[in-house]
Amino acid sequence: MDAAVNNGPWLPVELVNVALAGALFFFCLGFSFWRALNDRLHPVYWRSAAALIWVGVVTIAFAGSRPDVWVILLNLGWLLLLAGMAATLLRAGAMFFQHLHNGSGGRPGASSRKV
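Going by my numbering, 83 is the number at position 14 of the sequence shown; the sequence numbering is gapless.
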């Protein structure tokens, strides 16, 4: 915790870690929101994942800005955020695996038969 609040310069590896975590967060947020609007097969799943991420972000922002809020509320926000991100990443990985093995017939570079 001391490394997060000191005023010294950050190491390059710390900057890379922050950038990767931010990229992963924004990918999950954007992808779940996009799939919630455009997926006709599983819209409830994607809306739930997007809602988990958004509720987690709002809870963390509220609990982190006020010193008198319970620590459990901050932990709950992180749990909701991570659950939404995990749900997004697991389903995106399953979709990628399914597209890789069913869509192109096993030939790399071939176009998918499904639209």
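Even glycine gets a Cβ: it sits at the ideal position worked out from N, Cα and C.
query                                                                                 : result
Beta-carbon proximity check, residue 143 vs residue 153, cutoff 8 Å                   : no
Nearest residue (CA-CA) to residue 131, options 145, 169 and 155                      : 145
C-alpha distance - residue 161 paired with residue 104, whole-angstrom precision      : 10 Å
Contact between the region 80 to 89 and the region 110 to 128 (3+ Cβ pairs under 8 Å) : no
Beta-carbon proximity check, residue 102 vs residue 119, cutoff 8 Å                   : yes
Environment of residue 156 [buried if 16+ CB atoms lie within 10 Å]                   : buried
Between the CA atoms of residue 97 and residue 148 - distance to the nearest angstrom : 15 Å
Simplified DSSP state of residue 158, which is helix, strand or coil                  : helix
N- and C-terminal bounds of the alpha helix (DSSP H) containing residue 116           : 112 to 134
Cα-Cα separation between residue 141 and residue 110, rounded to whole angstroms      : 36 Å
Whole-Å CB distance - residue 129 paired with residue 158, under 8 Å assumed          : About 19 Å; that fails the 8 Å criterion.
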